[in-house]
Amino acid sequence: MLKVSLQSLRTSLHDGGVSSAYINRLMAELDDHYADLEREARASGSERPAAAVEALRRLGQQDAIAAAVLAKPELRSWSHRWPWLAGLMSHVLLLLLLPVTPIVACAQRGPAILRWSVSISLGTAMTGGFLLVMAQSIFATL
Amino acid sequence: MGQSNPPFMSGVPELLVLRLLARKTMYGYELVKAVRIVTGEAIALGEGVIYPALHGLEKNGALKASRKPVNGRTRVYYSVTPKGQRRLDRLTQEWDRVSSGVRSALGQAERA
Numbered sequence: 002m003l004k005v006s007l008q009s010l011r012t013s014l015h016d017g018g019v020s021s022a023y024i025n026r027l028m029a030e031l032d033d034h035y036a037d038l039e040r041e042a043r044a045s046g047s048e049r050p051a052a053a054v055e056a057l058r059r060l061g062q063q064d065a066i067a068a069a070v071l072a073k074p075e076l077r078s079w080s081h082r083w084p085w086l087a088g089l090m091s092h093v094l095l096l097l098l099l100p101v102t103p104i105v106a107c108a109q110r111g112p113a114i115l116r117w118s119v120s121i122s123l124g125t126a127m128t129g130g131f132l133l134v135m136a137q138s139i140f141a142t143l
Numbered sequence: 002m003g004q005s006n007p008p009f010m011s012g013v014p015e016l017l018v019l020r021l022l023a024r025k026t027m028y029g030y031e032l033v034k035a036v037r038i039v040t041g042e043a044i045a046l047g048e049g050v051i052y053p054a055l056h057g058l059e060k061n062g063a064l065k066a067s068r069k070p071v072n073g074r075t076r077v078y079y080s081v082t083p084k085g086q087r088r089l090d091r092l093t094q095e096w097d098r099v100s101s102g103v104r105s106a107l108g109q110a111e112r113a
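Taken in sequence, the protein lines are chains E and R. With my numbering as the guide, the letters of the first sequence map in order to residues 2 to 143. With my numbering as the guide, the letters of the second sequence map in order to residues 2 to 113.
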């Protein structure tokens, strides 16, 4: 039930640039806390629905929890804390990917590329040979 | 030259959390209960906001979190690190300085 109730908190944190790993950890701890609060309310005589309402009330408003997380930059993902660094790294990675991609492709599709190269070379050699024969026969008639 | 005041109420939960965790390793629910007891429920916050405070202190190296399985669930216990202890000492000194200043001001206001 709590997981459903805290969906808007999860969305707010995600939109605010908090990493999924941290959100999952926070949700797990809130879930555990909620279970303790609900058990405490039931132990003091509340029925299950009333205990659930009381537990959610004591856990606090989701907006307040989200604001407390977002007020701490150290809890946000590094790409939201240093967007310029994330942009720079994505460009560097793309630049590295350009020369690496053909090498990786050759390594993975080696036999196919070899067959293709041999076929092209044979085709070129045969065409060149025909052209040479034709040129020789033309020169012989002159 | 006097030192500048630290953030007033915003520093209090941190001081309380560090003070209580310096005494005993606790998990979130246990810690909130302890805060309520030691402050005579003078400080009432939504209990969920304790976790961002704990996680921030952990990220800054003032607290250490350890996971323990309890009744089929994994519970996160927090304890104060040496860095956290130094921070607690500093915050306690700040609080003593500010509160004695406020007490003095209140005493003077009463006499005036």
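Built from N, CA and C at the ideal position, the CB exists for glycine as well.
Going by beta carbons, residue 18 (chain E) and residue 78 (chain E) fall inside the 7 Å limit. Chain E places no beta carbon closer than 7 Å to that of residue 18 (chain R), leaving this residue out of the contacts. Beta-bridge pairing by DSSP links residue 65 (chain R) to R:80. For the 7 Å CB-CB criterion, residue 47 (chain R) and residue 30 (chain E) do not form a contact. Along the stretch 55 to 75 of chain E, going in chain order, the ones with a CB nearer than 7 Å to a CB of chain R are 59, 60, 61, 62, 65, 66, 69, 70, 73, 75. With the criterion set as a beta carbon lying under 9 Å from some beta carbon of chain E, the members of the stretch 40 to 58 of chain R are 46, 47, 48, 49, 50, 51, 52, 53, 54, 55, 56, 57, in sequence order. Taken in chain order, the unbroken stretches of alpha helix (DSSP H) that lie wholly in the stretch 19 to 62 of chain R and span 4 residues or more are 29 to 39, 51 to 60.
In the three-state DSSP reduction, residue 110 (chain E) falls in the coil class, being neither helix nor strand.
For residue 13 (chain E), the number of other beta carbons within 10 angstroms of its own is at least 16, and it is reported as buried. Around the Cβ of residue 66 (chain E), a 10 Å sphere holds 16 or more other Cβ atoms; the residue is buried. In the three-state reduction of the DSSP assignment, residue 98 (chain R) falls in the helix class. Taking one beta carbon from each stretch, the stretch 29 to 46 of chain E and the stretch 22 to 42 of chain R have 3 or more pairs nearer than 8 Å; the two touch.
Take the alpha-carbon of residue 64 (chain R) and the one of residue 112 (chain R): they are about 44 Å apart. The beta-carbon separation of residue 60 (chain R) and residue 75 (chain E), rounded to 4 Å, stays under the 8 Å limit for a contact. Residue state for residue 119 (chain E) is assigned as helix, using DSSP reduced to three classes. Under the DSSP assignment, residue 83 (chain E) falls outside any alpha helix (DSSP H); it carries neither an H nor an E label.
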